[in-house]
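**Student:** Numbering (this note's numbering), first residue to last: 5 to 300.
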């Protein structure tokens, strides 16, 4: 099986189990369950040998991820919006409320089978694979690799934090005009820059605001945790928000809006954008309209 990711553990590494460490360094691994399965199948090598979930990583360890030996996923009938596609990669606009991958059948990975064409290149993957993760309730741009070389190089860009990502969210309250959120997450340095785009009055929450977010690190649930810690949780966040402020049936108001990266083969800069979801602008208009009507 071909190697699709390689990582050398740095000297200043804190004591960490292999399964936890992989979640941080290989964004194309879908979840903790997916990591454990990959290790069990012998698809994770440490210094050239198969390892275990309980292995404690050490400085200068060479960690390699092999292409999965599992059977191709079954196709899930879901029409996806393809924002960009060539023979090496694709970018889709992920709908909210569906997981990128996992044990269940209803996933983006399964839906990709009938939406994205396989590569014609010699190192074509047996099936196309998401390069990174987006939370199930989060919508927006998701990068997919079609070849082994593209998967490796895109993964390296994520690991080296070379891909510039822009998110948009609606939060409860009125945050400052802009700034940096740098609360540690799980003991790891984390940074999210943000700017306030628009604020409208709200009868229920006093204010709701549209913000743009620029994560500089890639911790699990980073944006959601950072905004909650700052005191402005994302509207609809059942995990880090307040239940009284949730909008039943409307989901999480967080979207991956823009990506700036280098093409994994041609090395040219690519800027990929999608539009702010309608439910975002609709919420702002509705809250403002209700406030004006009540205050007439």
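For every residue, glycine included, the Cβ atom is placed at its ideal position computed from N, Cα and C.
Per DSSP, what kind of secondary structure is residue 183 in: helix, strand or coil?
**Tutor:** In this structure, residue 183 counts as strand in the three-state DSSP scheme.
**Student:** For residue 197, which residues of its own chain have a beta-carbon under 7 Å away from its beta-carbon, when the five flanking residues on both sides are left out?
**Tutor:** The residues are 184, 218 and 220.
**Student:** Using DSSP with H/G/I as helix, E/B as strand and the rest coil, what is residue 171?
**Tutor:** The answer is strand: DSSP assigns residue 171 an E or B state.
**Student:** Going by other Cβ atoms of all chains shown within 10 Å of its Cβ, with 16 needed for buried, is residue 144 buried or exposed?
**Tutor:** Label assigned to residue 144: buried.
**Student:** In the DSSP assignment, what are the bridge partners of residue 95?
**Tutor:** Beta-bridge pairing links residue 95 to 88 and 147.
**Student:** Quick check on residue 21: does DSSP put it in helix, strand or coil?
**Tutor:** Here residue 21 sits in strand by DSSP.
**Student:** For residue 259, count neighbouring Cβ atoms within 10 angstroms of its own Cβ and tell me buried if that reaches 16, exposed if not.
**Tutor:** Buried.
**Student:** Below 8 Å on the Cβ atoms is my contact criterion, and I expect residue 27 with residue 169 to pass it. Report the Cβ-Cβ distance as a whole number of Å.
**Tutor:** Residue 27 to residue 169, Cβ: 18 Å. No contact.
**Student:** Is it the case that the CB of residue 144 approaches a heavy atom of the ligand ZN more closely than 8 Å?
**Tutor:** The ligand ZN is not part of the structure shown, which contains no ligands of any sort.
**Student:** Name the residue from 118, 12 and 161 whose alpha carbon lies nearest to the alpha carbon of residue 62.
**Tutor:** Measuring from the Cα of residue 62, the nearest candidate turns out to be 12.
**Student:** Excluding the 5 residues preceding and the 5 following residue 21 in the sequence, name in chain order all residues of the same chain whose CB lies nearer than 8 Å to its CB.
**Tutor:** Correct list, in chain order: 57, 58, 59, 60 and 61.
**Student:** Where does the unbroken beta strand (DSSP E) through residue 196 begin, and where does it stop?
**Tutor:** Residues 196–206.
**Student:** Per DSSP, what kind of secondary structure is residue 124 in: helix, strand or coil?
**Tutor:** Three-state DSSP puts residue 124 in coil, outside helix and strand.
**Student:** Looking only at its own chain, which residues have a Cβ that is under 6 Å from the Cβ of residue 54, when we skip the five neighbours before and after it?
**Tutor:** If we look at residue 54 and ignore the five residues flanking it on each side, its Cβ neighbours are 46.
**Student:** So residue 102 and residue 112 are in contact, right, with Cβ under 8 Å, and what is the actual spacing, rounded?
**Tutor:** Between residue 112 and residue 102 the Cβ distance is about 6 Å, and since that is below 8 Å, they are a contact.
**Student:** Taking the continuous alpha helix (DSSP H) assigned at residue 230, which residues delimit it?
**Tutor:** Here the alpha helix (DSSP H) through residue 230 covers 226–234.
**Student:** Distance, Cα to Cα, residue 231 vs residue 243?
**Tutor:** Distance between the alpha carbons of residue 231 and residue 243: 12 Å.
**Student:** Below 9 Å between beta carbons: does that hold for residue 104 and residue 138?
**Tutor:** Cβ distance < 9 Å, so residue 104 and residue 138 count as in contact.
**Student:** In whole angstroms, what is the alpha-carbon distance linking residue 188 and residue 164?
**Tutor:** Residue 188 and residue 164: Cα-Cα distance of roughly 19 Å.
**Student:** For residue 162, report the span of its alpha helix (DSSP H) as first-last.
**Tutor:** 152–163 is the span of the alpha helix (DSSP H), which, as asked, contains residue 162.
**Student:** Take residue 207 as the anchor and find which of 298, 239, 161 and 234 has the nearest alpha-carbon.
**Tutor:** For the residues 298, 239, 161 and 234, the minimum Cα distance to residue 207 belongs to 298.
**Student:** Which value, in whole angstroms, describes the spacing of the CA atoms of residue 292 and residue 190?
**Tutor:** Cα-Cα distance, rounded: 37 Å.
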